[in-house]
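Undergrad: Residue 82 is where the sequence shown starts when you use the working numbering, and the numbers rise one by one after that.
Ideal Cβ positions, reconstructed from N, Cα and C, are used throughout, including at glycine.
Bear in mind that the values here come from a model prediction, so they are computed numbers and not experimental data.
Have a look at the structure that comes next, please.
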Amino acid sequence: NSVVPGDNRSTIYGAANIFRDKDNALPNVDVAVKVLNDKGSFIVGATLLENVDQLILSFRWTAIKFPTEDDFGLEQEIENISIAATTPTVVLGFKDNYFFDVEFTGIEKSGVTYELTEPNSGEITSEGVYTAPNKEGVYEIRISLTDIPVVCTYAYAIVKKDVNEKQGVN
82 NSVVPGDNRS
92 TIYGAANIFR
102 DKDNALPNVD
112 VAVKVLNDKG
122 SFIVGATLLE
132 NVDQLILSFR
142 WTAIKFPTED
152 DFGLEQEIEN
162 ISIAATTPTV
172 VLGFKDNYFF
182 DVEFTGIEKS
192 GVTYELTEPN
202 SGEITSEGVY
212 TAPNKEGVYE
222 IRISLTDIPV
232 VCTYAYAIVK
242 KDVNEKQGVN
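Shown next as structure tokens:
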């Protein structure tokens with residue numbers, strides 16, 4: 082299955098070759114999404130099935146959470162509670178530091194837990210200070226309420242070798 086942009090007025094989901102004709106320059110691309118249920122995130126993979134000079138793939142998504150057995154008792158309790166990273170995405174240079182502050186909705190400010198979702202993606206302290214690795218990439222930080230871990234959010238650090246404007250704590 083492919084998910085590729087058609088023209089500016091439409092988006093094609095599924096097998097794009099069904100809509101391919103001589104007047105339409107749709108690329109021949111296979112796309113798959115791997116959902117990481119336990120992390121609440123996903124990975125998109127794309128394979129070009131023919132050579133192209135240039136290609137931009139745009140993706141749209143909707144986040145949904147499938148309840149687990151553990152969630153049923155908490156549903157009423159956490160219905161109006163949420164947290165969000167004050168700045169959910171930052172651009173950092175190698176070994177730069179950034180403090181991920183958290184906004185609370187429906188609950189008094191309380192303890193949060195920070196964790197990296199992948200190994201070798203930098204370091205994060207228990208206070209929320211992230212240190213970027215010496216490798217370019219996009220790194221994900223999971224932030225959850227310590228007492229109610231199912232209430233969580235994600236922040237992202239885009240690490241680049243040369244960053245002109247540095248953000249955060251150095």
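1) Given a cut-off of 8 Å on the beta-carbon distance, is the pair glycine 203 and alanine 238 in contact?
2) Start and end of the beta strand (DSSP E) containing glutamate 208?
3) Looking only at its own chain, which residues have a Cβ that is under 6 Å from the Cβ of leucine 136, when we skip the five neighbours before and after it?
4) Sort Gly187, Val183 and Thr170 by Cα distance to glycine 218 and report the nearest one.
5) Using C-beta distances below 7 Å, list every residue in its chain close to valine 232, excluding the 5 sequence neighbours before and after it, in chain order.
6) Can you tell me the Cβ-Cβ gap for alanine 166 and phenylalanine 185, rounded? I've got them flagged as a contact below 8 Å.
7) With distances taken from CA atoms, which of Asp111, Thr168, Phe140 and Val114 is nearest valine 210?
8) Going by the C-beta, is phenylalanine 123 closer than 7 Å to any heavy atom of the ligand NAP?
TA: According to the structure data:
1) yes
2) From DSSP, glutamate 208 is part of no beta strand (DSSP E); its letter is neither H nor E.
3) Pro108
4) Thr170
5) Ile159, Ile162, Ser163, Ile164, Ser225 and Leu226
6) Not confirmed; about 11 Å, so no contact.
7) Thr168
8) As presented, the structure is devoid of all ligands, the ligand NAP included, so that no description of it is given.
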